[in-house]
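These notes are about the structure you will find just below.
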Amino acid sequence: KAGVTQTPRYLIKTRGQQVTLSCSPISGHRSVSWYQQTPGQGLQFLFEYFSETQRNKGNFPGRFSGRQFSNSRSEMNVSTLELGDSALYLCASSLTGSSTDTQYFGPGTRLTVL
Amino acid sequence: AQSVTQLGSHVSVSEGALVLLRCNYSSSVPPYLFWYVQYPNQGLQLLLKYTSAATLVKGINGFEAEFKKSETSFHLTKPSAHMSDAAEYFCAVSAPRNTGKLIFGQGTTLQVKP
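For the record, the sequence lines run as chains A and B. Residue numbering for the first sequence follows this note's numbering, beginning at 258 and increasing consecutively. Residue numbering for the second sequence follows this note's numbering, beginning at -3 and increasing consecutively.
Take a look at the structure:
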């Protein structure tokens, strides 16, 4: 099976712009979770989608949003970018998002905000 | 609420020496625990997971971890370090119910000296 794919791998944006990141889960997986990784804060949970519904959300401002399509692919959007949004954004997929499911991670999208 | 603490942000061992990476958790419910490894410019790869079937869990690449409820620990070990083990290691606990959320420790960078 193909793994989790994320596009693009690298992005450079300027403050105030918006950005959309894409994630394609492993075939058959219906849960997609997003994480932000920074040197200072580590890995932080953004949100999780299952069957096109956001089931859980982390402690991030409303500028961070996402959606999931009927084929389980997911996108996340960050509006009005700030310098502090520079990070590695990781998505992970699992069968159902249950506590015992293994989450499989993609390679990430490295976002740099100038 | 769940939390994870990894003792030691940086661990250095010689090639062939024992690897011990420490993880302590806090959870109000029986925990499900994971160890992931991250190589530079890559996503996270699952090493092993504990879901209450057995307290000693064997993973990939010769790693194993032992769940000790009395010590609230889930330390990762490998008898003999290889140069290829140099990477960052993350311990995580999954949030209860179907939330698709992992709570990560701050990570431990493993350096392997020749």
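Using N, Cα and C, we set each Cβ at its ideal position, and we do this for glycine too. Predicted model only: the values in this text are computed from it and were never measured.
* How is GLY315 of chain A classed by DSSP in three states: helix, strand or coil? -> As a working mapping, residue 315 of chain A is identified with position 58 in the first sequence. Reduced to three states, the DSSP call for GLY315 of chain A is coil.
* CA-to-CA distance, ASN313 of chain A to THR264 of chain A, given in whole angstroms -> One-based indexing of the first sequence puts residue 264 of chain A at position 7. One-based indexing of the first sequence puts residue 313 of chain A at position 56. Going by the C-alpha atoms only, they are around 23 Å apart.
* Asked: Which bits of chain B does ARG312 of chain A rub up against, with CB to CB less than 8 Å?
  -> Sequence index remark: in the first sequence, residue 312 of chain A carries index 55 (1-based). Those within 8 Å of ARG312 of chain A in chain B are ASN94, THR95, GLY96.
* Got a sec: is the Cβ-Cβ distance from GLU305 of chain A to anything in chain B below 7 Å? -> If you number the first sequence from 1, residue 305 of chain A lands on position 48. So, interface residue.
* To do: Quick one: which residues of the stretch 34 to 65 of chain B get their C-beta closer than 7 Å to a C-beta of chain A? List them in chain order.
  => GLN38, GLY39, LEU40, LEU42, LYS45, THR47
* Asked: Which one or two residues does DSSP pair with THR264 of chain A in a beta bridge?
  -> The residue you call residue 264 of chain A lines up with position 7 of the first sequence. Partner(s): A:SER279.
* Below 7 Å between beta carbons: does that hold for VAL289 of chain A and PRO296 of chain A? -> Taking the first residue of the first sequence as 1, we reach residue 289 of chain A at position 32. Taking the first residue of the first sequence as 1, we reach residue 296 of chain A at position 39. Going by C-beta atoms, VAL289 of chain A is not nearer than 7 Å to PRO296 of chain A.
* Output yes if chain B places a C-beta closer than 7 Å to the C-beta of PHE317 of chain A; else output no. => Sequence index remark: in the first sequence, residue 317 of chain A carries index 60 (1-based). So no, PHE317 of chain A is outside the interface.
* Report the residues of the stretch 354 to 369 of chain A with a CB closer than 9 Å to any CB of chain B, ordered along the chain. => GLY354, SER355, SER356, THR357, ASP358, THR359, GLN360, TYR361, PHE362, GLY363, PRO364, GLY365, ARG367
* Pick helix, strand or coil for LEU340 of chain A, following the three-state DSSP scheme. => As a working mapping, residue 340 of chain A is identified with position 83 in the first sequence. If DSSP states are grouped into helix, strand and coil, LEU340 of chain A belongs with the helices.
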